[in-house]
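Peer 1: Before I ask anything, here is the structure I am working with.
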Amino acid sequence: MKKSPARPDFKGISSYAAAALALAVGTISSARGEHALQSESGEPRLHRATGSRSSHSAQKAKAAVSPPNSSGKLADDPELLRYRRLVFDGEDKKCLEVARARAKTAKNAAGWYELAALAIMMSKHGQALAFAEKAYSLAPDDANVLATLARAVSGRSPARALALADRALALSPNSGRVRAIAADCYARVGSGGEAEGLFVSAIKLSPGDFEVNSLAASFFERMLNFEQVEGCYNRLIKNYPRCASAYVSRALFRRGNGELKGAISDMSRAIELRPDEIAFYGHRGKLLAKDGQNAKAIEDFTKLLSGWQQGTAYGRRAECYKKLGKYTKAIDDYSTALKLIDSGYRDDQKFNPPDNRDQEDYLLWWTSRAQLYEKVGKIDLAIHSLSQMVNREGSTAGLLERERLYRKAGRYDLALADLNRLIAQDRDVAELYRTRADVYRKLGNKARADADIMRADQLDKTGRLP
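This is the structure:
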């Protein structure tokens, strides 16, 4: 059975990529997607425009995107719709600027509707809700307006969102987009069976729609229906072949299923489409490292670090250097990683990472650096590094490594102190008593050594001490 794919990490991705990637996995209007993904100014950090789209490409994109299937009460603005969709098809900042300008001058229901859609795309949830409410006040019986308002409000009020979606569905039962949003609303209130049926029918009605496939992918992932998830991503890429975020989403899905070669291929395509999105290099670097392509992974992590000084990227690059036997470079990267992650913490303050930091990696890098110090003959530096880790984190792994190095250096009194701490933490580990017995022998205390051997033998027999 396929494993559940890992959730994407949006940290460090520009607002365009983060918003599009979030939409591609159906998280934009969810409660867990409420964090801001735009720049400090609130504008999406898209790439510099490289010229206008050719007329042939524009006509092709326009033909691929049908106007919303509404109740007929809303006069759709095809230009607004086309420019908004072109952003998802890999277009540049110019498209978004034109769409925003056009929407601002169209203070009718269509204009407010498009502003709401743009705000959802940029993960500006408060503005999306305000714009959608304005459109709703002008066109309360339009199916697309109702559906957009339902999506905008779904993270705050699932019950209201469901009522709005039901009204939209009654007005436009053959709209794939409306059905997909209604399905998402049903899923949020726990009606998975109803949601699944609506998603299946939405895909049949609008197999090439971005919103239909993105919402469906998220739902089917939660339902562990990975065949449907892959189908959604494949359709997104088929219909939006220049949408980098679609490739990123499929890459993350494939990574979760162990399809490393396919994931690497997708990330490489995303980089071809958006070479200035440096976070994409970090994603591919992790995939390459996992595939054993450490030299190539180092190149990608280096590219990422050229534009973003991120502790975890240094740590991951250090792991690659370590595997290639480049210990000095690995030590330097581990040190930089720990320094960046530790910034803002006192020397005696335990590291308490937020959700986007992996504490297991953080602790691993402490011990890995100490092991490399040992490999290059710097045992004192290794012990000092582990002492910093133990003093701050109270790490069991750090204590185990430090007592081993104390024994290797012949400092048996200090090794004994660490073993006593470890046994106090867990008195039912036989190997700790055997190790302490050896230390007691080195210190000339045969009686205590024999007593520890008896304890270890007792644990081997019963699993615990009396």
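Everything in the sequence shown is counted per the numbering used here, starting at 1358 for the first residue and increasing by one. Even for Gly, the Cβ is constructed at its ideal location relative to N, Cα and C.
#1: If we ignore side chains and look at the alpha-carbon of each, how far apart do G1390 and N1591 end up?
#2: From the DSSP output, in three-state form, read off Y1678 for me.
#3: Give a yes or no on whether the C-beta atoms belonging to F1577 and V1569 are separated by under 8 Å.
#4: Between which residues of its own chain and V1733 is the CB-CB distance below 6 Å, once the five residues before and five after are set aside?
#5: Under the three-state reduction of DSSP, which class applies to S1625: helix, strand or coil?
#6: Between which two residues does the alpha helix (DSSP H) containing Y1597 stretch?
#7: Using a threshold of 8 Å, state whether the C-beta atoms of A1476 and F1488 are closer than that.
#8: Does the count of Cβ pairs from the stretch 1603-1610 and the stretch 1627-1634 closer than 8 Å reach three?
#9: Indicate whether R1673 and K1643 have their beta-carbon atoms separated by less than 8 Å.
#10: At what residues does the alpha helix (DSSP H) containing G1642 begin and finish?
#11: So A1507 and L1521 are supposed to be a Cβ contact under 8 Å. How far apart are they, rounded?
#12: Please report how far the alpha carbon of G1554 lies from the alpha carbon of Y1543, in whole angstroms.
#13: By DSSP, does P1515 sit in helix, in strand, or in coil?
#14: Please list the segments of the alpha helix (DSSP H) lying wholly inside the stretch 1476-1535, counting only runs of 4 or more residues, in order along the chain.
#15: If you reduce the DSSP assignment to three classes, tell me which class E1568 lands in.
#16: Pick out whichever of A1467, A1492, A1485, A1539 has its Cα sitting closest to the Cα of I1560.
#17: Are there 16 or more other CB atoms within 10 angstroms of the CB of S1575, so buried, or fewer, so exposed?
#18: Once DSSP output is grouped into helix, strand and coil, what is the label at M1746?
#19: Assuming Y1730 and S1744 are in contact, meaning their beta carbons sit under 8 Å apart, how far apart are those beta carbons, in whole angstroms?
#20: Excluding the 5 residues preceding and the 5 following A1781 in the sequence, name in chain order all residues of the same chain whose CB lies nearer than 7 Å to its CB.
#21: Hey, how far is the Cα of G1668 from the Cα of E1551?
#22: Compare the Cα-Cα distances from G1483 to each of G1682, A1509, I1688 and report the closest residue.
#23: In its own chain, which residues sit with a C-beta less than 7 Å from the C-beta of Q1815, not counting the 5 before and 5 after it?
#24: Using the C-alpha atoms, what's the distance from L1609 back to V1535?
#25: In angstroms, rounded to a whole number, what distance separates the CA positions of F1567 and L1593?
#26: If you check the beta carbons only, do G1664 and I1635 fall under 8 Å apart?
#27: Hey, which unbroken runs of the alpha helix (DSSP H) at 4 residues or more fall wholly within the stretch 1781-1810?
#28: From R1631 to A1646, what distance separates their C-alpha atoms?
#29: Can you list, in chain order, the residues of its chain with a C-beta nearer than 6 Å to that of R1793? Leave out the 5 residues immediately preceding and following it.
#30: Given a cut-off of 8 Å, decide if K1679 and A1687 are closer than it, judged by their beta-carbon atoms.
#31: Taking the alpha-carbon positions, what's the G1649 to W1722 distance?
#32: What residue range is occupied by the uninterrupted alpha helix (DSSP H) comprising W1723?
#33: Helix, strand or coil for R1821 per DSSP?
#34: When we look at the beta-carbon of K1660 and count the other beta-carbons within 10 Å, is it buried (16 or more) or exposed?
#35: Does DSSP classify K1683 as helix, strand or coil?
#36: Note down the Cα distance separating E1676 from G1512, rounded to an integer number of angstroms.
Peer 2: The relevant details are as follows:
#1: Translated into positions along the sequence shown, residue 1390 becomes position 33. Translated into positions along the sequence shown, residue 1591 becomes position 234. Model confidence at G1390 stands at a pLDDT of 26, short of 50, so the residue's coordinates are unreliable; what they give is reported in the following sentence. Their Cα atoms are separated by approximately 24 Å.
#2: Position 321 of the sequence shown holds residue 1678. Helix, per DSSP.
#3: Locating residue 1577 in the sequence shown gives position 220, counting from the first residue. Locating residue 1569 in the sequence shown gives position 212, counting from the first residue. No.
#4: Position 376 of the sequence shown, counting from 1, holds the residue named residue 1733. For V1733, where only same-chain residues beyond five positions count, the Cβ hits under 6 Å are Y1684.
#5: Residue mapping note: residue 1625 aligns to position 268 of the sequence shown, counting from 1. In this structure, S1625 counts as helix in the three-state DSSP scheme.
#6: If you number the sequence shown from 1, residue 1597 lands on position 240. From DSSP, Y1597 is part of no alpha helix (DSSP H); its letter is neither H nor E.
#7: On the sequence shown, position 119 is the one that residue 1476 refers to. On the sequence shown, position 131 is the one that residue 1488 refers to. Yes. Within cutoff.
#8: yes
#9: Mapped onto the sequence shown, residue 1673 falls at position 316. Mapped onto the sequence shown, residue 1643 falls at position 286. Result yes, Cβ atoms of R1673 and K1643 sit closer than 8 Å.
#10: Within the sequence shown, the letter at position 285 stands for residue 1642. First-last of the alpha helix (DSSP H) with G1642: 1635-1647.
#11: Within the sequence shown, numbered from 1, the residue matching residue 1507 stands at position 150. Within the sequence shown, numbered from 1, the residue matching residue 1521 stands at position 164. Going by Cβ atoms, the distance from A1507 to L1521 rounds to 4 Å, so yes, they are a contact pair.
#12: Residue numbering aside, residue 1554 sits at position 197 when the sequence shown is read from its first letter. Residue numbering aside, residue 1543 sits at position 186 when the sequence shown is read from its first letter. Whole-angstrom Cα-Cα distance: 10 Å.
#13: Against the sequence shown, residue 1515 aligns to sequence position 158. P1515 falls in the helix class under three-state DSSP.
#14: 1482-1495, 1500-1510, 1515-1528
#15: The residue you call residue 1568 lines up with position 211 of the sequence shown. Note: E1568 maps to helix in three-state DSSP.
#16: One-based indexing of the sequence shown puts residue 1560 at position 203. Answer by Cα proximity: A1539.
#17: Counting from one through the sequence shown, the residue named residue 1575 turns up at place 218. Answer is buried; the Cβ neighbour count reaches 16.
#18: The residue you call residue 1746 lines up with position 389 of the sequence shown. Three-state result, M1746: helix.
#19: For the purposes of this step, residue 1730 is taken as the residue at position 373 of the sequence shown. For the purposes of this step, residue 1744 is taken as the residue at position 387 of the sequence shown. 12 Å between Cβ atoms; not a contact.
#20: The residue labelled residue 1781 in the question sits at position 424 within the sequence shown. Contacts found: none.
#21: Along the sequence shown, one-based indexing puts residue 1668 at 311. Along the sequence shown, one-based indexing puts residue 1551 at 194. So the two alpha carbons sit approximately 44 Å from each other.
#22: Indexing the sequence shown from 1 puts residue 1483 at position 126. Answer by Cα proximity: A1509.
#23: If you number the sequence shown from 1, residue 1815 lands on position 458. Excluding positions up to five away in sequence, the list reads L1822.
#24: The residue labelled residue 1535 in the question sits at position 178 within the sequence shown. The residue labelled residue 1609 in the question sits at position 252 within the sequence shown. Roughly 27 Å between the two C-alpha positions.
#25: Counted from its first residue, the sequence shown places residue 1567 at position 210. Counted from its first residue, the sequence shown places residue 1593 at position 236. If you take the alpha carbons of F1567 and L1593, they lie about 6 Å apart.
#26: Taking the sequence shown and counting its residues from 1, the one referred to as residue 1664 is at position 307. Taking the sequence shown and counting its residues from 1, the one referred to as residue 1635 is at position 278. Yes, these two residues count as a Cβ contact at 8 Å.
#27: 1787-1799
#28: Translated into positions along the sequence shown, residue 1631 becomes position 274. Translated into positions along the sequence shown, residue 1646 becomes position 289. The straight-line gap from Cα to Cα measures roughly 21 Å.
#29: Looking up residue 1793 in the sequence shown gives position 436. Excluding residues within five positions, the ones whose Cβ falls inside 6 Å are L1776, D1809.
#30: Start at 1 with the first residue of the sequence shown, and residue 1687 comes out as number 330. Start at 1 with the first residue of the sequence shown, and residue 1679 comes out as number 322. Yes; because the gap between Cβ atoms is below 8 Å, this pair is in contact.
#31: Locating residue 1649 in the sequence shown gives position 292, where the first residue counts as 1. Locating residue 1722 in the sequence shown gives position 365, where the first residue counts as 1. So the alpha carbons of these two residues sit roughly 19 Å apart.
#32: As a position in the sequence shown, residue 1723 is number 366, starting the count at 1. Residues 1716-1732.
#33: One-based indexing of the sequence shown puts residue 1821 at position 464. In this structure, R1821 counts as coil in the three-state DSSP scheme.
#34: For the purposes of this step, residue 1660 is taken as the residue at position 303 of the sequence shown. Buried: at least 16 other Cβ atoms inside 10 Å.
#35: The residue labelled residue 1683 in the question sits at position 326 within the sequence shown. Reduced to three states, the DSSP call for K1683 is coil.
#36: Counting from 1 along the sequence shown, the entry for residue 1676 is found at position 319. Counting from 1 along the sequence shown, the entry for residue 1512 is found at position 155. Looking at the two C-alpha atoms, the distance is approximately 39 Å.
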